Amino acid sequence: MAQNKSSTKAGMRKNEWKIQGFLKLIRQVHEGKYQKKFCFVLGAGASRSSGIPTGQELVNRWEEDMQERNADEHEAWKKRLGITDTNKDQHYSDYYEEYFLEPEDGYNYLKGEMADAMPSAGYVVLAYLLCQTPHKVVITTNFDHLVEKAVNEYAHTIPLVIGHEAIAHHVPSQITDPVVFKIHNDLLLKPKSVKRDLKILPEEWKAPLERVFREYHPIFIGYAGNDPSLMDFLLENVELFKDRKWKQPYWMLYGEDQPTEKAERFVNGAGGLWIRHEGFDIALCQIGKEMGYVEPKDEDEEAFLKDARQRFAALRESFGKLKATLNMQSSKTDGQPTADSAVLSLDELLQPTDEMQQYRNAVRAYYEERYNDALDILKALITERPDNAHYHDSLGVTLHKMKHYEEALVEAKKAVELEPDNARYRNELGIALHVMKRYEEALVEAKKAVELEPDNARYRNELGIALHEMKRYEEAQAEKKKAVELEPDNARYRNSLGITLHEMKHYEEALVEAKKAVELESDNASYHDSLGITLHKMEHYEEAQAEKKKAVELEPDNARYRNELGITLHVMKRYEEAQAEKKKAIELEPDNASYHDSLSTTLHEMKHYEEALVETKKAIELEPDNASYHDSLGVTLHEMKHYEEAQAEKKKAVELEPDNARYRNSLGITLHKMKHYEEAQAEKKKAVELEPDNARYRNSLGITLHEMKHYEEAQAEKKKAVELEPDNASYHDSLGVTLHEMKHYEEAQAEKKKAVELEPDNARYRNSLGITLYEMEEYSEALAAIQKAAELDPSNQDIQENLQTVQSALTQE
1054 MAQNKSSTKA GMRKNEWKIQ GFLKLIRQVH EGKYQKKFCF VLGAGASRSS GIPTGQELVN
1114 RWEEDMQERN ADEHEAWKKR LGITDTNKDQ HYSDYYEEYF LEPEDGYNYL KGEMADAMPS
1174 AGYVVLAYLL CQTPHKVVIT TNFDHLVEKA VNEYAHTIPL VIGHEAIAHH VPSQITDPVV
1234 FKIHNDLLLK PKSVKRDLKI LPEEWKAPLE RVFREYHPIF IGYAGNDPSL MDFLLENVEL
1294 FKDRKWKQPY WMLYGEDQPT EKAERFVNGA GGLWIRHEGF DIALCQIGKE MGYVEPKDED
1354 EEAFLKDARQ RFAALRESFG KLKATLNMQS SKTDGQPTAD SAVLSLDELL QPTDEMQQYR
1414 NAVRAYYEER YNDALDILKA LITERPDNAH YHDSLGVTLH KMKHYEEALV EAKKAVELEP
1474 DNARYRNELG IALHVMKRYE EALVEAKKAV ELEPDNARYR NELGIALHEM KRYEEAQAEK
1534 KKAVELEPDN ARYRNSLGIT LHEMKHYEEA LVEAKKAVEL ESDNASYHDS LGITLHKMEH
1594 YEEAQAEKKK AVELEPDNAR YRNELGITLH VMKRYEEAQA EKKKAIELEP DNASYHDSLS
1654 TTLHEMKHYE EALVETKKAI ELEPDNASYH DSLGVTLHEM KHYEEAQAEK KKAVELEPDN
1714 ARYRNSLGIT LHKMKHYEEA QAEKKKAVEL EPDNARYRNS LGITLHEMKH YEEAQAEKKK
1774 AVELEPDNAS YHDSLGVTLH EMKHYEEAQA EKKKAVELEP DNARYRNSLG ITLYEMEEYS
1834 EALAAIQKAA ELDPSNQDIQ ENLQTVQSAL TQE
């Protein structure tokens, strides 16, 4: 982007140096008086003199065209986004997205703008600095090829171009050759121009940039700081610059330009220096002069051309030898091709078949989701270079994305075999094993990645995920916490930690992490859904619903988010809405068994038992060995009074998961209903053994013992239920019923009164209390309790009969 213009000349700042003072420092560094290395951070302003328009110039062009298209609509769009004539250059991405009707149009437009660009004098000097001095690194937001072109053509060296985050990890630990980091990607690798792509710096860039800034003083030139991804990364780490753990920055301001607000905060916060200059080419030539660059003279032209002629002559000589060899062979063997037909023309031979270009094409295909194309290119590269670990790793990642997990595993293993001490390949292998549920092996690889790079937050988090899956939550929490410590503003790691804390039932802590993730990436649907799940667990249903709705708004075609929203709406008793969301989930993923079962739960609650039955049967058809679905089908069949079938399904659930207390208790309930009390008692006792602190199972066992007239045992189980959940009205009433049967009326009355206090609008508890009061001959109180029950449930015949009995007793009295 071009830099902001100021109408008045800026005065010297306290942390501003004149260019002469800066150049003297450069000379002293070159002379060895100071042990410093510099890297160059370039923006669009660096390429203007090479014929590439700046962001500001492009915005001005697009502005005119957009006015011509529809002036009123354009002005309304600007007003909506708060764009003015003074700040429009800061809205490059907004203009780009609005101007181009198709993403491919924008890409082709930029490609055309850069097609004929030639490196200006500044780039030629920069090539010298990169090749002949210790200052080896360029970091750029530009897509063009000016740096590498200058290094190739004028310094006769091949730089390492990191044109995509997917290959960012391939920077060597010791940089001895020129390296170009293209943080918005190379022109040929899906360059980033739209706002969503420029919002956050991809994770893969952070570790390489950290290494550079630890070693090299950044010189910012031609860069305004309008790019949020790089600027936010710099601001997040401003304390590291300030404490000199990262090297002091130098920010070069063109002419009378004023810095952006973010640039101002960064340079001032980092203890950096402002340097004013008169243009990229002039500044680089001045720096180059201090570092030994000699400007080319007229007499150097012949030497330059002579070198080109020598290279062409060597090429011709090579072809001559090849032809001679082939001529000899053809003279000896009949029917072989002639030398002329066997030798490719120079034009054919010199077409770009560069290996790195092929790899770039593969990366581009991957990120454009053309996975088969990426696969073909990578397989071809591996055929030529079978011992290249990087190609095997990339092929494995592509196969993984295509869900060809067995093949992906083979490639990941090959990459590790070739480079066993490469942490990234170990981590990728761990991911491949994890998705195949080979958790022990995945854990070994994840641990190895962390051993190799203990300060890599991504590997810490991946290790935590593996441990979480193995239910080793304490260890998982420790690893994920470490990831958050290393990168506290990484939303993914915050969310991941929250998931483990949630599983550990540390809901308050989980909530903090989930909220932080949403705060850091407010447009991430997954994080809103995750926050909603924790809020739901904490019974904050209104808030949970709001978060889950946001997830659905952000990704309306995500079946999981639809189902999750349905689950919360179900608990809020908003069954019609719950049904709609769950149906939508099934439309999106008709072969997902869990969504069919989830819908059946809501249909069951709505008493649409036949429909519920259809959905649960579909779930079982899709996953016949899922115990939960068999139990769910059994519950619906039970409600429909198909007890034999219900028993069969619930037995199947118990067979599949014999140590599941819920399924044991559920089977016991059906057996109880069938009056198979001994069997029912056995199942419910097993449930209690498996989960002795579960109040529901204690009460359920007490109900069966009561029916078997084992009142003492029934009382003991029900008392335990009340102790475990003292605010559960149902358990107080249930205990009261058993105490009543034992003729302990005072105690029974106390328990039933407690039930009524907890749920005063429950007709059943009012009626139950009235029955005990009646037995105690407290007829007036009994009448009041049962009358209230009749008001609450006027159609209940049992209550009406009890009311008549009490009224009759009062009359006789």
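At position 682 of the sequence shown (counting the first as 1) the number is 1735 in our numbering, and the numbers step up by one without a gap. From the three backbone atoms N, C-alpha and C, an ideal C-beta is built for every residue, glycine too. Note that the structure is predicted; figures quoted are calculated from it, not measured.
Reduced DSSP category for VAL1053 - H, G, I as helix; E, B as strand; rest coil: With the chain covering 1054 to 1866 only, the question about residue 1053 has no answer from this structure.
Cβ shell of LYS1385 (< 7 Å), same chain only, five flanking positions each side left out: Confidence at LYS1385 is low in this model, with a pLDDT of 41, below 50, so the placement of that residue should be treated as unreliable; the coordinate-derived value is given next. None.
Would you grab the beta carbon distance between ALA1774 and GLY1789 for me? Rounded to a whole angstrom, and I think it's under 8 Å. Rounded, the Cβ-Cβ distance is 12 Å, inconsistent with contact.
Buried or exposed for ALA1433, please, with buried defined as at least 16 other CB atoms from any protein chain shown within 10 angstroms of its CB. exposed
Give every residue of the same chain whose Cβ lies closer than 6 Å to the Cβ of ARG1817, excluding the five residues on either side of it in the sequence, and list them in chain order. none
According to DSSP, is VAL1178 part of a helix, a strand, or is it coil? helix
List the residues that DSSP assigns as beta-bridge partners of TYR1435. The residue asked about is misnamed: residue 1435 is Ile in this sequence, not Tyr. Paired residues: none, contrary to the question.
Contact defined as beta carbons within less than 8 Å: I believe GLU1736 pairs with LEU1720. What is the distance between those atoms, to the nearest angstrom? 5 Å
Enumerate in chain order the residues of its own chain whose CB-to-CB distance from GLN1411 is below 8 Å, with the five nearest sequence positions on each side excluded. ILE1430, ALA1433 and LEU1434
Reducing DSSP to helix, strand and coil, say where HIS1729 ends up. coil
Per-residue DSSP class, three states only, for LYS1602: helix
Among residues of its own chain, excluding the 5 on either side of TYR1662, which ones have a beta-carbon nearer than 7 Å to its beta-carbon? Only THR1689, GLU1692 and MET1693 meet the Cβ criterion.
When DSSP builds the beta bridges, which residues end up paired with PHE1091? HIS1270
What would DSSP say about TYR1276, mapped onto helix, strand or coil? Looking at TYR1276 - three-state DSSP - the assignment turns out to be coil, as it is neither helix nor strand.
For a quick check, are the C-beta atoms of ALA1714 and LEU1686 less than 7 Å apart? no
Where LEU1863 falls, given that 16 or more other Cβ within 10 Å makes a residue buried: exposed
Residue burial classification, ILE1211 (beta-carbon count within 10 angstroms, cutoff 16): exposed
With the cut-off set at 7 Å, would you say ALA1808 and HIS1785 are in Cβ contact? yes
Mind the definition here: the region 1551-1560 touches the region 1510-1524 only if three or more C-beta pairs lie below 8 Å; say whether that holds. yes
ASP1334 burial status per 10 Å Cβ neighbour count (16 or more: buried): buried
For the region 1499-1587, which segments carrying the alpha helix (DSSP H) assignment without a break, of at least 4 residues, lie completely within its bounds, in sequence order? The region 1499-1587 contains these whole alpha helix (DSSP H) runs: 1510-1522, 1526-1539, 1544-1556 and 1560-1573.
With a floor of 4 residues, list each alpha helix (DSSP H) that falls wholly inside the region 1433-1482, ordered by position along the chain. 1442-1454 and 1458-1471
In terms of DSSP beta bridges, what is MET1305 paired with? Paired residue(s): ILE1328.
How would you write the range of the beta strand (DSSP E) that LYS1235 sits in, first residue to last? Segment 1232-1235, the beta strand (DSSP E) holding LYS1235.
From the DSSP output, read off the bridge partner residues of GLU1069. Looking at the DSSP output, GLU1069 sits in a beta bridge with TRP1327.
Residue ranges of each alpha helix (DSSP H) run of no fewer than 4 residues wholly in the region 1631-1681, ordered along the chain? 1646-1658 and 1662-1675
Limits of the unbroken alpha helix (DSSP H) element including THR1139: Careful: THR1139 lies outside any alpha helix (DSSP H) and carries neither H nor E.
So if DSSP puts VAL1190 in a beta bridge, which residue, or which two residues, is it bridged to? CYS1092 and VAL1232
Where TRP1115 falls: helix, strand or coil (DSSP): helix
Does the beta-carbon distance from VAL1082 to PRO1271 come in below 7 Å? no
Straight-line CA distance for SER1848 to ASN1815? Between the alpha carbons of SER1848 and ASN1815 lies a gap of roughly 14 Å.
If you draw a straight line from the C-alpha of ALA1476 to the C-alpha of ALA1502, how long is it? 4 Å
Start and end of the alpha helix (DSSP H) containing SER1821? 1816-1828
Run the CB neighbour count on VAL1232, radius 10 Å, all protein chains shown included, and call it buried at 16 or more, exposed below. buried
Between which two residues does the alpha helix (DSSP H) holding ILE1620 run? 1612-1624
Check this for me: beta carbons of SER1651 and ASN1611, under 7 Å apart or not? no
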